[in-house]
Each structure stands twice: as C-alpha cells, then as structure tokens.
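Just so you know, the protein sequences line up as chains L and V, in that order. The first sequence runs contiguously to residue 382 in the working numbering. The second sequence runs contiguously to residue 382 in the working numbering.
There are 2 protein chains.
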Amino acid sequence: MTIGILGGGQLARMIGLAGIPFGLQFVVFDPAEQVGGSAIGRHVRASYDDEDALIEFAGSVDVATYEFENVPVHAVSVVEQHCKVLPEKTALHETQDRLRENQLFNRLDIATPRFCVVDSRQDLTNAVETLGYPIVLKTRSGGYDGKGQVVIRSEDSVESGWIESAQDNLLAEEFVPFDREVSIVAARRPSGETVYYDIAENVHRGGILRTSFNRPGDPIQGLAIEYVNRLFDELGYFGVIALECFQVGDSLLANEYAPRVHNTGHWTIEGAEASQFENHVRAVLDIPLGSTASRGYSAMLNCIGALPDRDLCLRVPGVHFHSYDKSARPGRKVGHVTVRADSPADLERRISLLPDFFSGAGDAL
Amino acid sequence: MTIGILGGGQLARMIGLAGIPFGLQFVVFDPAEQVGGSAIGRHVRASYDDEDALIEFAGSVDVATYEFENVPVHAVSVVEQHCKVLPEKTALHETQDRLRENQLFNRLDIATPRFCVVDSRQDLTNAVETLGYPIVLKTRSGGYDGKGQVVIRSEDSVESGWIESAQDNLLAEEFVPFDREVSIVAARRPSGETVYYDIAENVHRGGILRTSFNRPGDPIQGLAIEYVNRLFDELGYFGVIALECFQVGDSLLANEYAPRVHNTGHWTIEGAEASQFENHVRAVLDIPLGSTASRGYSAMLNCIGALPDRDLCLRVPGVHFHSYDKSARPGRKVGHVTVRADSPADLERRISLLPDFFSGAGDAL
C-alpha cells in the first residue's frame, strides 16, 4: 500500500516516519530539488501544473493526501481522477482565500475577528473607520508564517501599510487583544470515528509559531471541539485538521484552519499516545484511529533560521530533537524540539535547562 | 552525516526511523533482495565476502554499525579500515561462538548454566553424566530463534537428539528450571555515559521470543546492571547491548548477549522516553544519551509467521503496530505490536482485548 503526499517538506517527512511502521510506502510530490520528505520515499520532482507528472504520481499510489494548504486545487483535481485524495479538495479551496474562510466560519456560527474586504485605498480608509486601530491587513491568499500580513496601528502608518501590502485582494481584520492563542488538532476517518487532541496554547513571534504547549483538561477544550466538528461536517472532511483561534475570555475567535497536519500538533509525536501524523495516516486509510490522550506535559519549540546546538539540547531529559534536514536560512523552520515531562513543574525545569537558543521559550508556562 | 548498517532487516529499519529525526542519512548492507531497511535509506545488496561492495559501503558512510550478531567478523574488518565501526568487532567475535561466550561470562563472574563441549558422541554421553537430564544441545555458532538447539530429556532421546544436531562443534548445557527469563538492554557511548532500560520479562515458545514486558522497579534490576557493566568494560563496548538471562531465585544465569538492538527492547519505542533505537544512534554518534525511563507499562508481542488483523489490533487503545514489510512464512518474525498503559491493570485489560492471534499473550502478567 502506497500513500502519495502532495508537498515533500517536513510534514511529509513526519507522516512517512509515522506510516512506515504500518508497512506503507510513500511517494512525495514537490517542485523543490531537495526535500526532507525524500528520506521516507520516492520524490517526484515536478511543478504543480505538470499534469503528466501528477498523473504518473497518482498512478503510483493507492491514496493521496497533501501536506500544505497552498497546493493548487487544480493539481488535486488532476490527481483525484486517478486515485482517491483525502481530505477532499473543498477543504483546500475554502481555506485558500481568507475571505471565503472567514465567511465559512461565520456561516457555521464560528466567531471570527471582525473583517472588511479591501480592494482599494478607499476600502482601507473605510475599514479603519469600521474596525478602528489597530487593524491587520492581510493578503487573501498565499500567506504563511506571517508573510502577507501587516499591522496598521495608527493614522501615521496607513499609507506605509498600504504600500507594503499587495494593494489588492486584501482583507482587513480587527486586531484582537487576545488572552492567548490556542489550536485544536483533530482527525476524522470516512467510517465516522473522530478524535481530538488536547488543545495547544501557542506563541507566535513575527508571525511565526515559536512554541506550543499541550493543555490537558483545559476548560476551552469543549468549545474548540464543537467548532472543529462543524468544520468536519461542513467540509465532509477526512484526515487531520487544525483550527487556530484567539481566545478572549471564554470565547474563541477562529483565525484560520489548516487542512493538514499542523505545526501546533508536533508535540503529539512524543506527547500523545498516537501522534497527529499517525492519525492522519490512519484516517486516510480509514482504519481505526489511535488514542489522542496526552502523555504528560509537552512543549514544542520551533527552531527558526537554524538548529540549536544538538548536544546541549539532548543533555536535557525528556528532550526530543527533530531536524528537518533543511539548510539554515533566516525565518525558516528547520526543526523543532519537544520537551516532555510528567508534571508542569518538571516541564518548566527542563525548559529552563535548554540552551540560550530557546531563551524565553518558557514564558507562556 | 550518514550511518551505515550491516544488515538491512527490521532492526535497521527501526534504527533508521529513530535516526532520521536527527537529520541523519542511512545506508544498509544486506545480501537479501528485499529488505525492510530499504524504507529508510539506500540498500547495498551484496554478499558479506564482497570486499569491493564493503569498501564502497564504508566509503559512503561516516560511521557503521550492525544489526545482527552473525555478520562475519571479516566483513567488519574490511569496513573498519575505511570508517569507524561501533560496537567494535570484539563483541561480535565473542558472541559468535557459544563456548567463547560462556567462557567470557564465567571470566567476568557472570553465572551461566553449567555446560560441556561436545565434539563427539562420547562427549555427549559424558555431558549427560555431568549435567543430568534434561540437557540442551546447541550448535556453538550460527543459531538463532531456537534454530540449532535440541533438548534431550531422557536416555531415549539421546540418539535422536544427537542425529538431529549438527553432530559437531556443539555445546551441551544443563536445562535451567528458571523462574523467568529476563533481559536488560543498555547503551554506552565513547564519552563514557551509560544508560539502562528497565529489565524486560520475556516469554519464548519454540525457541522464539513471543512477548516482553517491561518491569519497572524490579528487584533484579541491580544485578542485571552489574552484569551488563562487566560486559561493557570487558568488551570496550559502545552502542546498545542486550543481555538475556534465566532468573532462578535471586540469581541470574546469563544465556547470551546480543551486540545490537534487541527484540526484547522493542517496547522502548513507545514505552520509554527514548527508545533503544534512538539510543543506539546516539551512542554510535557519541552524543548525549536519552532517558531510558519507562513511560508506564508495556507489553511487546511478536507477530510470528504472519501479521494479525491490523484493524482489530488498532481498535484497542494504547496499541502500536509495527509491520516489518516482510512476506509471511512460518516461524518468521514479520512484525510486532506494543501495548502501553499507565497501570498494570489497564495493560492486562488492553491485552485481553487483542485478537485471538495473540491468545495467551497475557499469561505472564
């Protein structure tokens, strides 16, 4: 049995590592020359508009999935004519435009930050009037890791913000003074079973995720489950999904969903009975899903730009090191480290023992 | 950084799965056409006496190790002229002959069953007189999974046992009426750090390992550590080692050691903070070793001859499925299942929910 993955980066790599123990083979499709996913299977190197390559890829696998949300919907349309693709492409389509995504949330009674469409300079002025400062001006499509976003905090920065943005096809959102950022990662399989991980509390800096902590027994878990269930139902979704929210008091405002395994679920590799990667594989194969129960307390710390000193990390008990085998580059996620412990106090102590590379990582504890 | 592995079976496969997250590449060397290890790296298919192939293999890796104890010592001698090999070949040499191995144990004050060398029919008669019935007649080299062993229980079966055996280069051992079989898996790295997993209690049937249970806090742990330390010291050993013993009362009689990751340590993948495979990689690279602390209670159940119904297994919480991607064949280890739980009672309950394939697996609980 062979699983094809559109996208061959670290998420494909970790899906493969979780799937090989099931006796599965993997093929990854990615235009890049060097991909971390090549460690776990054959790499088809081709552009997403190369239909012949897509057809060859689809013909060599039993089922296909994707590891990032910007896979062109057209590519999935080609692939699904030759093999099953899960999750179905609707989930890609809905999330590839922030306006459509926000409208979907609101249609499902999932609260979001207030937002306005901005297609002109005048729209921006109107948005400022409607939403008040600060506002977040975002491209409607193609953004990731804080790219394609600019925060406008006052009259003074409207013009510069407008120039810095793509100036077209934008969305303005109110800046939410959130108490914290949380996400829920969940999996559903075609036979109907659904499982949910404990929510993660996340810290971003410069638009890039820095740390995620699992939060067993959190009071907001129930609401997060309710929201993600509405997405599953509406999208006819099978596989792992992640929903990122701002928490304000007892309410959650949806920021975005990702139709794939998610950075805020990496802690599940060591911190849950079965990882998000394993459950994605199980969901795509439609076989019984694994327990999502947390095993103690975990912190996932991203390695941005470069890897920390590996040996200094490994001296700390409960540390698990994940290199994506990518070259160092500013702002690039090249690996992550998970710290696991049986108590919050032990977790805090272990994080404090990490090298300076991660200074401040424990602030959200 | 690339690690080469002599032998490309399931142990190489699991070493690779543990090492890829460190950003490592793997090359496996194995004469077989299809090997499970090819999922995690390049497969050099050649005979162990093909020096050119061994040299090419050695030239393509930074450090080499092995995944089974019957790798010809000569092959390692060739490889080590071109790259570092850990553990060093002494450990292979000493264990490839059961007489030499028993003599090593006794030299280190590690008790063994009483034994006699048997090179003739007369030797066998003498051995029976010395040891009494039943005796175990074993080939001195090449045996595994109960192959190359015959139990002689009475005068009536001496002749048939003699005929069934290789009739040469044999060892007769007293049959030990053991209370249980236990093993310890441990790792040492060149910089000196040594770590020990909780001992496993093992059940063999027909000479093949069926189940292993970790035994946190077992009173025999200290003696097992003492014995394995003597082996580390004597052999100048770096990497993971396993020592299998019979327990009789408060004493341990060494049966054999394996200079490699070991079937009775497979439970550590999910049942310990860092697995034996990860620690073998860390030891071979001489980087800080991972915590061997058990995470709850684990049972490892071998899949002999064929795989059980995967989905029936996966319906049981805490079950982890490992296919080695090998074709079914009577007596062949083609996979294993680990059941993990936070309490012995939960573990027992979960084992009882497994499909009939594993009936009797919980008997040693």
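Just so it is clear, CB atoms sit at the ideal spot from N, CA and C, and this is done for glycine as well. Quick caveat: nothing in here was measured; it's all calculated off a predicted structure.
List the residues of chain L that residue i touches, going by C-beta distances under 8 angstroms, in chain order.
{"i": "SER308 (chain V)", "result": "PRO334, GLY335"}
{"i": "ILE304 (chain V)", "result": "ARG327, ASP328, LEU331"}
Determine which residues share a DSSP beta bridge with residue i and list them.
{"i": "ASN143 (chain V)", "result": "According to DSSP, which records beta bridges pairwise, ASN143 (chain V) is partnered with nothing at all."}
{"i": "GLU218 (chain L)", "result": "L:VAL199, L:PHE230"}
{"i": "SER315 (chain L)", "result": "L:ARG357"}
{"i": "GLY21 (chain L)", "result": "L:VAL44, L:ALA81"}
{"i": "ILE225 (chain L)", "result": "L:ARG222"}
{"i": "VAL212 (chain L)", "result": "L:ALA204"}
For residue i, I'd like the list of residues in its chain whose CB is within less than 6 angstroms of its CB, leaving aside the five on either flank, ordered along the chain.
{"i": "ASN9 (chain L)", "result": "The structure shown does not extend to residue 9 (chain L), since chain L is modelled only from 18 through 382, so no value can be given for it."}
{"i": "GLU210 (chain V)", "result": "LEU306"}
{"i": "ILE426 (chain V)", "result": "Nothing can be reported for residue 426 (chain V): it is not among the residues displayed for chain V, which extend from 18 to 382."}
{"i": "MET31 (chain L)", "result": "PHE294"}
{"i": "GLN27 (chain V)", "result": "GLY53, TYR341"}
{"i": "ALA323 (chain L)", "result": "ALA345"}
{"i": "LEU252 (chain L)", "result": "THR107, ALA108"}
{"i": "GLU261 (chain V)", "result": "SER200, ASN272, GLU273"}
Residue i versus chain L: which residues are under 7 angstroms apart at the beta carbon?
{"i": "ASP342 (chain V)", "result": "GLY40"}
{"i": "ALA269 (chain V)", "result": "Strictly speaking, residue 269 (chain V) in this sequence is Leu, with Ala absent from that position. Ordered by position in chain L, no residue passes the 7 angstroms Cβ test against LEU269 (chain V), which lies about 28 angstroms from the chain."}
Short of 8 angstroms in beta carbon distance, which residues of its chain neighbour residue i, apart from the five on each side in sequence? Order them along the chain.
{"i": "ILE237 (chain V)", "result": "VAL199, ILE216, GLN264, ASP267, LEU269"}
{"i": "ALA12 (chain L)", "result": "Absent from the model: residue 12 (chain L). The displayed extent of chain L is 18 to 382, so no value can be given."}
{"i": "VAL95 (chain V)", "result": "GLU68, LEU71, ILE72, ALA75"}
{"i": "CYS100 (chain V)", "result": "GLY21, ALA75, GLY76, VAL78, ASP79, VAL80, ALA81"}
{"i": "TYR214 (chain L)", "result": "ILE201, VAL202, ALA203, ASN231, GLY282, THR285, ALA289, GLN293, THR309, SER311"}
{"i": "PRO361 (chain V)", "result": "TYR314, LEU382"}
{"i": "VAL247 (chain L)", "result": "Position check: residue 247 (chain L) holds Arg in this sequence, whereas Val was assumed. So the list reads LEU125, ASP126, ILE127, once near-sequence residues are dropped."}
{"i": "PHE338 (chain V)", "result": "ARG327, CYS330, LEU331, GLY352, VAL354"}
Can you name the residues of chain L whose CB is closer than 9 angstroms to the CB of residue i?
{"i": "GLU290 (chain V)", "result": "GLU287, PRO334, GLY335, HIS337, ARG357"}
In chain order, what residues of the same chain lie with their CB nearer than 7 angstroms to the CB of residue i, ignoring the 5 residues before and after it?
{"i": "PRO151 (chain V)", "result": "VAL168, ILE169, ARG170, PHE192"}
{"i": "PHE122 (chain L)", "result": "THR129, ALA271"}
{"i": "LEU148 (chain L)", "result": "ARG131, CYS133, ALA189, GLU191"}
{"i": "VAL212 (chain V)", "result": "ALA203, ALA204, ASN296, LEU306, THR309"}
{"i": "GLU50 (chain V)", "result": "ARG62"}
{"i": "PRO334 (chain L)", "result": "ARG367"}
Kindly list, in the order they appear in chain V, the residues whose Cβ is closer than 7 angstroms to that of residue i.
{"i": "ARG312 (chain L)", "result": "ARG312"}
{"i": "ALA56 (chain L)", "result": "ILE37"}
Residue i versus chain V: which residues are under 9 angstroms apart at the beta carbon?
{"i": "ILE32 (chain L)", "result": "The premise fails here: ILE32 (chain L) is roughly 12 angstroms from chain V at the closest Cβ pair, so nothing lies under 9 angstroms."}
Which runs of the beta strand (DSSP E) fall wholly inside the segment 81-139 of chain V and span at least 3 residues, in chain order? Taking 3 residues as the shortest admissible run, the segment 81-139 of chain V contains the following complete beta strand (DSSP E) segments, listed from N- to C-terminal end: 132-135.
Mind pulling the beta strand (DSSP E) runs of 3 or more residues that sit fully within the segment 23-83 of chain L? If we require 3 residues or more, the beta strand (DSSP E) runs fully inside the segment 23-83 of chain L come out as 42-46, 59-61, 80-83.
Measuring CB atoms only, is the segment 65-80 of chain L touching the segment 323-331 of chain L, in the sense that at least three cross pairs come out at less than 8 angstroms? Between the segment 65-80 of chain L and the segment 323-331 of chain L, the count of Cβ pairs shorter than 8 angstroms is below three; the stretches do not touch.
Every unbroken beta strand (DSSP E) inside the segment 144-199 of chain V [3 residues or more]: Within the segment 144-199 of chain V, the beta strand (DSSP E) runs of at least 3 residues that lie entirely inside it are, in chain order, 152-156, 166-169, 187-191.
With a cut-off of 8 angstroms, do at least 3 Cβ pairs link the segment 292-299 of chain V to the segment 243-262 of chain V? A contact is defined here as three or more CB-CB pairs under 8 angstroms, and the segment 292-299 of chain V meets this definition with respect to the segment 243-262 of chain V.
Evaluate contact between the segment 61-70 of chain V and the segment 371-382 of chain L, counting only Cβ atoms and requiring at least three cross-stretch pairs below 8 angstroms. They do not touch, by the three-pair rule.
Just list the beta strand (DSSP E) runs in the segment 245-296 of chain V, keeping only unbroken ones of 3 residues or longer that don't cross its boundaries, in chain order. The segment 245-296 of chain V contains these whole beta strand (DSSP E) runs: 256-265, 268-275.
Could you say if the segment 316-324 of chain L and the segment 352-360 of chain L meet the contact criterion of at least three C-beta pairs nearer than 8 angstroms? By the Cβ rule, the segment 316-324 of chain L counts as touching the segment 352-360 of chain L, because three or more pairs are nearer than 8 angstroms.
Please give me, in chain order, every unbroken run of the beta strand (DSSP E) with length at least 3 that falls completely inside the segment 316-380 of chain L. Complete beta strand (DSSP E) runs here, min 3: 336-340, 350-358.
Contact between the segment 33-48 of chain V and the segment 333-344 of chain L is defined here as three or more beta-carbon pairs at a separation below 8 angstroms; is this criterion met? The segment 33-48 of chain V vs the segment 333-344 of chain L: in contact.
Measuring CB atoms only, is the segment 178-186 of chain L touching the segment 229-247 of chain L, in the sense that at least three cross pairs come out at less than 8 angstroms? With a cut-off of 8 angstroms, the segment 229-247 of chain L and the segment 178-186 of chain L do not count as touching, because too few Cβ pairs lie within range.
Can you confirm whether the segment 104-114 of chain L touches the segment 273-280 of chain L when touching is taken to mean that 3 or more C-beta pairs between the two stretches lie within less than 8 angstroms? Judged by Cβ distances under 8 angstroms, the segment 273-280 of chain L makes contact with the segment 104-114 of chain L, as three or more pairs qualify.
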